[in-house]
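Here's the structure, in structure tokens; my notes come after.
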Amino acid sequence: MFYGVILALSEAIRIGQPIVLGQLISFYLPGQDEITQEQAYLYAAGVVLCSLVNILFSHPYMMGVLHLGMKMRIACCSLIYRKSLKLSKTALGQTTAGQVVNLLSNDVNRFDVAVIFAHQLWIGPIETIICTYFMYLQVGPSAAVGVLLLIMFIPMQSMKLKKIRLTSFMRGIILSFIMYSTRLSIFGSILAYVLLGNDITAEKVFVLTCFYNILRQTMTVFFPTRNLTSG
Numbered sequence: 001m002f003y004g005v006i007l008a009l010s011e012a013i014r015i016g017q018p019i020v021l022g023q024l025i026s027f028y029l030p031g032q033d034e035i036t037q038e039q040a041y042l043y044a045a046g047v048v049l050c051s052l053v054n055i056l057f058s059h060p061y062m063m064g065v066l067h068l069g070m071k072m073r074i075a076c077c078s079l080i081y082r083k084s085l086k087l088s089k090t091a092l093g094q095t096t097a098g099q100v101v102n103l104l105s106n107d108v109n110r111f112d113v114a115v116i117f118a119h120q121l122w123i124g125p126i127e128t129i130i131c132t133y134f135m136y137l138q139v140g141p142s143a144a145v146g147v148l149l150l151i152m153f154i155p156m157q158s159m160k161l162k163k164i165r166l167t168s169f170m171r172g173i174i175l176s177f178i179m180y181s182t183r184l185s186i187f188g189s190i191l192a193y194v195l196l197g198n199d200i201t202a203e204k205v206f207v208l209t210c211f212y213n214i215l216r217q218t219m220t221v222f223f224p225t226r227n228l229t230s231g
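Under our numbering, the first residue of the sequence shown is numbered 1, with each subsequent residue one higher.
In structure tokens, the structure reads:
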């Protein structure tokens with residue numbers, strides 16, 4: 001749970017960065033007089049500080065969960081070894097050396113991957129709700145259009161990860177969703193916002209782009225991968 005708290009703090013800082021960036025861009029909008037130059041400097045420092053703090057949190061998290069996964073894998077290997085020494089002759093006759101080798105070399109390796117994405121299972125939905133709320137403050141109901149388009153790719157990503165027997169061509173197509181799902185979501189939100197009679201600004205575009213980049217990694221890569229490892 002400690003590593004989950006670290007990851008949650010890291011994601012919270014990432015969410016704060018688009019907000020600070022939006023304020024910084026607002027300083028350069030024509031006719032604005034609410035943000036002073038000193039505040040603009042603080043917002044610029046905040047953008048850099050968010051990236052720095054995120055790095056300081058994310059790397060110890062990865063180190064910690066990989067170390068935890070390694071210990072879990074070693075513990076399971078030790079358990080399999082000790083259990084194999086206590087098997088009866090009847091059980092030994094039903095167990096081949098290949099089965100034991102497969103357990104030690106393949107199955108236990110899932111722990112190394114599973115622990116990396118374990119906390120994404122609960123952080124991802126919460127992060128989606130928070131990001132959607134902040135995007136709603138920027139562009140109103142239009143934000144829901146892009147989020148729904150982004151969420152539509154999750155089952156397709158999960159299907160790609162679970163159906164190992166899919167052809168390489170289909171696998172390449174689904175992998176390409178990661179590349180353009182963010183752009184499609186941004187386009188959907190902006191299009192809906194403009195069609196509702198609103199004027200789009202650079203501030204809103206940059207803020208939406210930052211939020212969707214956050215959700216792209218969490219909801220189209222980590223979240224489906226976690227579903228695969230848990231299944």
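Glycine is no exception: its CB is placed at the ideal position from the N, C-alpha and C atoms. All values reported here derive from a predicted model rather than from experimental measurement.
Residue from 181, 106, 218, 80 with nearest C-alpha to residue 128: Walking along the sequence shown from the start, residue 128 turns up at place 128. Of the candidates 181, 106, 218, 80, the one whose C-alpha sits nearest the C-alpha of residue 128 is 218.
Within the segment 3-54, ranges of the alpha helix (DSSP H) (whole runs, at least 4 residues): DSSP runs (the alpha helix (DSSP H)) wholly in the segment 3-54: none.
Same chain only: Cβ atoms within 7 Å of residue 209, ignoring 5 sequence neighbours per side: Counting from 1 along the sequence shown, the entry for residue 209 is found at position 209. Closer than 7 Å at the Cβ level, and outside the excluded window around residue 209, lie 186.
Residue 199 in three-state terms, based on DSSP: Counting from 1 along the sequence shown, the entry for residue 199 is found at position 199. Looking at residue 199 - three-state DSSP - the assignment turns out to be coil, as it is neither helix nor strand.
heavy atom of the ligand GTP below 7 Å from residue 90 C-beta: Of the ligands one can find in the structure shown there are none, so the ligand GTP has no counterpart to examine.
Unbroken alpha helix (DSSP H) run spanning residue 114, endpoints: Position 114 of the sequence shown, counted from the first residue, corresponds to residue 114. Start and end: 110-117.
Unbroken alpha helix (DSSP H) run spanning residue 141, endpoints: Counted from its first residue, the sequence shown places residue 141 at position 141. That residue, residue 141, is in no alpha helix (DSSP H); it is neither H nor E in DSSP.
Alpha carbon of residue 193 to alpha carbon of residue 140, nearest angstrom: Taking the first residue of the sequence shown as 1, we reach residue 193 at position 193. Taking the first residue of the sequence shown as 1, we reach residue 140 at position 140. Cα to Cα, the separation comes out at about 7 Å.
Given residue 62 as reference, the closest of 183, 207, 113 once Cα atoms are compared: Residue 62 sits at position 62 when you count from the first residue of the sequence shown. Looking at the Cα atoms, 113 is the closest of the given residues.
Residue nearest to residue 4 in terms of C-alpha spacing, selected from 188, 117, 149: Counting from 1 along the sequence shown, the entry for residue 4 is found at position 4. Per the Cα distances, 117.
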